[in-house]
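Residues in the sequence shown are numbered from 1 upward in steps of one, following the UniProt record's numbering.
Think of the CB as a built atom: it goes at the ideal place given N, C-alpha and C, for glycine as much as any other residue.
Remember, it's a predicted structure, so these values are computed and weren't measured experimentally.
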Amino acid sequence: MLVLDLTGVGDRQEFMDRVSADLRLPDWFGRNWDALADCLTDLSWWPVEPGGRRLHVRNWQGFAARLPRDWRIVKDILRDAELFWRHTDSELSVTVEDDVP
1 MLVLDLTGVG
11 DRQEFMDRVS
21 ADLRLPDWFG
31 RNWDALADCL
41 TDLSWWPVEP
51 GGRRLHVRNW
61 QGFAARLPRD
71 WRIVKDILRD
81 AELFWRHTDS
91 ELSVTVEDDV
101 P
């Protein structure tokens with residue numbers, strides 16, 4: 001399982017840096033939305049784990065509050081990637097952590 005922790009991420013460039021580091025994206029990741037979508041539909045860089053690939057997103061609330069449009073884009077990319085891999089032998093499951101009191 002990979003964890004994307006968005007604690008303290010305040011702008012798009014910081015998001016791209018964090019997603020690149022946390023997910024250990026390949027060198028060809030271009031640090032833009034299209035490149036993120038490409039990385040998540042070409043998972044040759046992420047070895048298949050028993051039960052498929054799992055991505056857990058946490059501490060996203062601050063990023064979403066500061067950049068709601070960008071957060072919607074991130075959610076769309078994650079949803080599309082999950083749908084792309086659904087019903088394959090290397091399924092991708094994305095969990096976005098809920099608010100915790």
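*What number of angstroms, rounded off, separates the C-alpha of G51 from the C-alpha of S90?*
Mapped onto the sequence shown, residue 51 falls at position 51. Mapped onto the sequence shown, residue 90 falls at position 90. Between the alpha carbons of G51 and S90 lies a gap of roughly 8 Å.
*Rounded straight-line distance, which links the Cα of L92 to that of R66*: Your numbering for residue 66 matches position 66 in the sequence shown. Your numbering for residue 92 matches position 92 in the sequence shown. Distance between the alpha carbons of R66 and L92 is about 28 Å.
*asked:* Please report the straight-line C-alpha distance between D17 and T88, rounded to a whole angstrom.
replied: Along the sequence shown, read from residue 1 onward, the residue named residue 17 stands at position 17. Along the sequence shown, read from residue 1 onward, the residue named residue 88 stands at position 88. Rounded to the nearest whole angstrom, the C-alpha separation of D17 and T88 is 29 Å.
*Please classify V48: does DSSP put it in a helix, a strand, or coil?*
Reading the sequence shown from its first residue, position 48 is the one you call residue 48. In the displayed model, V48 falls within coil according to three-state DSSP, outside both helix and strand.
_Buried or exposed (CB count within 10 angstroms, at least 16 for buried), L40_ = For the purposes of this step, residue 40 is taken as residue 40 along the sequence shown, with counting starting at 1. L40 should be labelled buried.
*Measure the CB-CB distance between L6 and F63 and report whether it falls below 8 Å.*
Here residue 6 corresponds to residue number 6 of the sequence shown, with the count starting at 1. Here residue 63 corresponds to residue number 63 of the sequence shown, with the count starting at 1. Yes, these two residues count as a Cβ contact at 8 Å.
*Would you list the residues sitting across from R58 in a DSSP beta bridge?*
As a first step, residue 58 is located in the sequence shown; it is residue number 58 there, counting from the start. Answer is D5, bridged to R58.
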